[in-house]
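If you read the sequences in order, they're chains A and B.
First residue of the first sequence: 6, per the working numbering; consecutive thereafter.
First residue of the second sequence: 172, per the working numbering; consecutive thereafter.
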Amino acid sequence: MVKTNTPQVQIINCTTGEEIIRDATAEEIAWMQENAVKATAEKAEAKAKETAKAQLLSKLGITAEEAVLLLS
Amino acid sequence: MAKQTFTTGQVLTAAQMTSLQQTAMLGGAASAKTASYTLVAADAGTAISMSNASATTITVNTALFAAGDTVQITNLGAGVCTITAGTATVNTASSLALAQYESGTLDFTSTSAAIFIKGAGAVAASGGMTLISTTAITNTSLITLSSIPATYKTLQVVIRGAMAEGDNDKLRLQFNTDVTGSRYRTADAVVTLDNATYNDNNVELSPGQDNNSSTNLIVITVPDYTNTTTIKMAISDAVTNNATTNTNINYKRNVGFYKQTPAISSISLFMSSSNFYATGSILLYGVS
């Protein structure tokens with residue numbers, strides 16, 4: 006497939022077996038971008054949380070397993 | 172031997188007589204097809220076999236056959252072969268879809284109408300799984316399985332080795348190409364929802380995954396997808412390669428809920444923030 010700048014959509018007709026690849030519509034691009042922004046923010050948030058957790062464990066001088074044990 | 176009009180005094184060859192005998196005794200070789208096919212007049216009185224791993228069709232048009240003509244169709248392939256009314260009318264008491272090793276006969280009642288008489292097949296057994304389609308994933312943003320036959324009780328989507336361009340992306344799903352906000356809700360399968368709102372325009376069906384390894388396996392079940400009175404749901408079991416240490420795994424069982432009641436006729440899949448790589452495959456099964 007020749008890669009273009011426009012996002013592509015692959016559609017499979019499960020009754021006829023016909024398969025097409027077409028450019029995404031403006032509406033599809035809009036909601037996909039909206040989702041991508043949200044997903045990127047979630048990834049950044051998860052990464053920040055992970056870093057904060059690691060820093061806290063380091064400050065306390067314990068491992069993640071030891072922290073779990075403390076809270077059990 | 173194709174149906175023809177014999178004339179007075181015509182001398183039949185041995186080959187014609189052998190062919191006629193084979194047809195009369197249903198012993199003739201089937202005309203083998205490997206791709207979707209539109210019947211022609213010469214198919215009257217013959218047998219056709221279809222063999223393809225993906226879904227195919229046999230199309231029936233008018234003004235080619237006469238009342239009393241028959242065409243026997245057998246599906247040898249893993250992909251469902253569907254008898255499709257082109258310009259002609261095709262009625263049946265059962266289903267126009269032939270799963271692998273199923274067979275049926277088109278019995279023409281006029282030049283423009285036929286009845287499809289389907290023989291009993293493996294699909295009639297409750298719990299049997301039929302492979303509806305197999306799709307090689309391409310480098311696209313969105314993959315839609317459309318025109319899903321409404322002849323099964325449950326759908327199962329098996330996604331092998333799907334990989335996103337973006338690291339730690341998650342697989343998401345929409346039904347019926349519906350992108351309306353507040354119609355979807357995702358839940359961790361071990362968490363109880365109590366008075367939950369619909370809060371998204373899709374559902375999330377996998378944990379994050381590495382964008383450099385493709386041994387992920389995601390299985391999505393869509394039960395009772397043809398009913399038109401209830402909320403729909405998709406239950407997924409997903410094991411993916413961890414994005415930080417790709418020899419380790421992530422596992423998640425999620426349930427996605429869809430607020431609308433119409434039957435599900437299409438399933439769209441996409442990665443949370445990037446394209447699919449052109450690797451892996453999607454198998455859609457129907458469970459009887």
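Glycine is no exception: its CB is placed at the ideal position from the N, C-alpha and C atoms.
Note that the structure is predicted; figures quoted are calculated from it, not measured.
- Across the set Asp-395(B), Lys-341(B), Gln-243(B), Thr-311(B), the C-alpha of Gln-243(B) shows the shortest separation from the C-alpha of Ile-288(B).
- Our two residues, Glu-273(B) and Thr-255(B), have alpha carbons roughly 16 Å apart in a direct line.
- Val-426(B) is bridged by DSSP to Ala-358(B), Ile-406(B).
- The three-state reading of DSSP puts Asp-340(B) in strand, counting E and B together.
- With 16 or more neighbouring CB atoms inside 10 Å of its own CB, Met-221(B) falls in the buried class.
- Per DSSP, Asn-310(B) lies in no beta strand (DSSP E) segment and is marked neither H nor E.
- Following the DSSP letters along the chain, one finds Met-442(B) inside the beta strand (DSSP E) bounded by residues 438 to 442.
- Contact between the stretch 358 to 365 of chain B and the stretch 326 to 342 of chain B is absent: fewer than 3 CB-CB pairs across the two stretches fall below 8 Å.
- Those residues of the stretch 48 to 77 of chain A placed with their C-beta closer than 7 Å to a C-beta in chain B are Lys-48, ordered along the chain.
- Contact annotation for Asn-10(A) against chain B: no contact, minimum CB-CB distance about 12 Å [criterion: below 8 Å].
- As summarised for the stretch 224 to 267 of chain B, the continuous beta strand (DSSP E) elements at least 3 residues long and confined to that stretch are 227 to 231, 241 to 246, 252 to 256, 260 to 263, given in chain order.
- Among the residues facing chain B, Thr-30(A) is not included, as its CB has no counterpart in that chain under 8 Å away.
- Between Gly-332(B) and Gly-451(B) the beta-carbon gap is near 3 Å, inside 8 Å, which marks them as a contact.
- Interface annotation for the stretch 320 to 336 of chain B against chain A: Pro-320, criterion Cβ-Cβ distance under 9 Å.
- With a beta-carbon spacing of about 6 Å, Ala-69(A) and Leu-62(A) fall inside the 8 Å limit used to define contacts.
- Listed in chain order, the non-local C-beta contacts of Asp-349(B) below 7 Å within the same chain comprise Gln-431, local neighbours out to five positions each way being set aside.
- Following the DSSP letters along the chain, one finds Ser-452(B) inside the beta strand (DSSP E) bounded by residues 452 to 458.
- For Asn-387(B) against Thr-418(B), the beta-carbon gap comes to about 13 Å, at or over 8 Å, which does not count as contact.
- Within a 10 Å sphere around the beta-carbon of Arg-27(A) sit fewer than 16 other beta-carbons, which makes this residue exposed.
- In this structure, the beta-carbon distance from Val-374(B) to Tyr-355(B) falls below 8 Å.
- Sequence-ordered contacts of the stretch 245 to 256 of chain B with chain A read Gly-250, Thr-253 [C-beta pairs closer than 7 Å].
- With a 10 Å radius around the Cβ and a threshold of 16 neighbouring Cβ atoms, Met-442(B) comes out buried.
- Ile-303(B) and Ile-286(B) have their C-alpha atoms roughly 23 Å apart.
- Among the residues facing chain A, Thr-306(B) is included, as its CB has a counterpart in that chain under 8 Å away.
- Where Val-42(A) is concerned, there is no enclosing beta strand (DSSP E), although the alpha helix (DSSP H) around it starts and stops at 31 to 65.
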